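My numbering applies: residue 1113 is where the sequence shown begins, and numbers increase by one. Even glycine gets a Cβ: it sits at the ideal position worked out from N, Cα and C. Keep in mind the model is a prediction, meaning the values are calculated, not measured. Accompanying notes for the structure given below.
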Amino acid sequence: MGAEERESGRERTRLNGASALRRGTPERPRVRLDQPRTPRRTFLPEYDPEEFGRLSEKIARFLGTGRFIVWMTVIVIAWISWNFAAPTSLRFDEYPFIFLTLALSLQASYAAPLILLAQNRQDDRDRVTHEQDRKQNERSIADTEYLTREIAALRLGLGEVATRDWIRSELEDMLRDLELRQMVEAESDERDR
1113 MGAEERESGR ERTRLNGASA LRRGTPERPR VRLDQPRTPR RTFLPEYDPE EFGRLSEKIA
1173 RFLGTGRFIV WMTVIVIAWI SWNFAAPTSL RFDEYPFIFL TLALSLQASY AAPLILLAQN
1233 RQDDRDRVTH EQDRKQNERS IADTEYLTRE IAALRLGLGE VATRDWIRSE LEDMLRDLEL
1293 RQMVEAESDE RDR
C-alpha cells in the first residue's frame, strides 16, 4: 500500500467514519447541519400558500352569494335558449348539452376544493380565536378569584375593626359601669359616716 493510498484511506475514514470504510460504502460528502441547504430546482410552479388561501376564500365567498346563483342561472338559461332557438348552423351544443354539462362539472370540480380550503382556513382562525378566548377566560377567572379572596380578607379585617356603633355601645357600657361605681361608692361613703 503506497503513501497515496494510505492518505486517501485516512481521508475517507475522516469524512465518512471508520465504519463506512469497513463496510465498503462509496464516499459521500458529509452534510453540514449548521448551514442551510441550497434549494433544489423544481419543475413545479411555486406559489404563496397564504395568497392562494386568500384567493380561495374570495372565490368561496362569491360562490356562496345570491349574485353567483343568479348569474349562473342566467348563463344556463341563455346557453339552453341559444342552443334551442338559434339556427342550426350557429348552435354549438346540441340537446343533451354535453358541453354545458362539462363546463358545470369543471366549475364544480374547482369550486368544491376551493370551498373546503376556505372552510379549513376559517376553522384554523376559529381554533386560534377559541384558544385566545379560553386563555382570556382563564385569566379573568384567576383575577376574579384573586379579587374574591381579597374582598373576603377585607371583610374579615373589617370584622375586627372597631366601628362607630361598637365604640358608642362600649362607651355607654363603661359610662353605666362608672355611674354604678359612683353610686356604690356614694352609698358606701354614707354608710361609713
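Original post:
For S1168, does the count of other Cβ atoms within 10 angstroms reach 16, so buried, or fall short, so exposed?
Top reply: Stepping through the sequence shown from its first residue, residue 1168 is reached at position 56. Counting Cβ neighbours within 10 Å, S1168 comes out buried, since at least 16 surround it.
**OP:** Return the CA-CA distance between I1189 and L1214, expressed in angstroms with no decimal places.
**Re:** Residue numbering aside, residue 1189 sits at position 77 when the sequence shown is read from its first letter. Residue numbering aside, residue 1214 sits at position 102 when the sequence shown is read from its first letter. Computed Cα separation, rounded: 16 Å.
Original post:
Where does P1208 sit, in a helix, a strand or coil, going by DSSP?
Top reply: Start at 1 with the first residue of the sequence shown, and residue 1208 comes out as number 96. Reduced to three states, the DSSP call for P1208 is coil.
Original post:
Is L1212 closer than 7 Å to W1191 when the C-beta atoms are compared?
Top reply: By one-based count along the sequence shown, residue 1191 stands at place 79. By one-based count along the sequence shown, residue 1212 stands at place 100. Result yes, Cβ atoms of W1191 and L1212 sit closer than 7 Å.
**OP:** State the Cα-Cα distance for the pair R1276 and R1293, rounded to the nearest angstrom.
**Re:** The residue labelled residue 1276 in the question sits at position 164 within the sequence shown. The residue labelled residue 1293 in the question sits at position 181 within the sequence shown. About 26 Å.
Original post:
Is the Cβ-Cβ distance between A1230 and A1172 less than 7 Å?
Top reply: Sequence index remark: in the sequence shown, residue 1230 carries index 118 (1-based). Sequence index remark: in the sequence shown, residue 1172 carries index 60 (1-based). For A1230 and A1172, yes; Cβs fall inside 7 Å.
Original post:
Given L1226, which residues of its chain have a CB within under 6 Å of its CB, disregarding the five upstream and five downstream residues?
Top reply: Residue 1226 sits at position 114 when you count from the first residue of the sequence shown. Counting only Cβ-Cβ distances below 6 Å, and skipping sequence neighbours, we find S1168, I1171 and A1172.
Original post:
If you draw a straight line from the C-alpha of A1132 to the C-alpha of R1144, how long is it?
Top reply: Translated into the one-based positions of the sequence shown, residue 1132 becomes position 20. Translated into the one-based positions of the sequence shown, residue 1144 becomes position 32. Below a pLDDT of 50, predicted positions are generally treated as unreliable, and A1132, at 49, falls in that range; no measurement from the model is reported.
Original post:
So what does DSSP say about F1155, is it helix, strand or coil?
Top reply: Your numbering for residue 1155 matches position 43 in the sequence shown. In this structure, F1155 counts as coil in the three-state DSSP scheme.
**OP:** Under 8 Å by Cβ, that's how I've got F1209 and N1195 pegged, so tell me the actual separation to the nearest angstrom.
**Re:** Counting from one through the sequence shown, the residue named residue 1209 turns up at place 97. Counting from one through the sequence shown, the residue named residue 1195 turns up at place 83. About 7 Å; that satisfies the 8 Å criterion.
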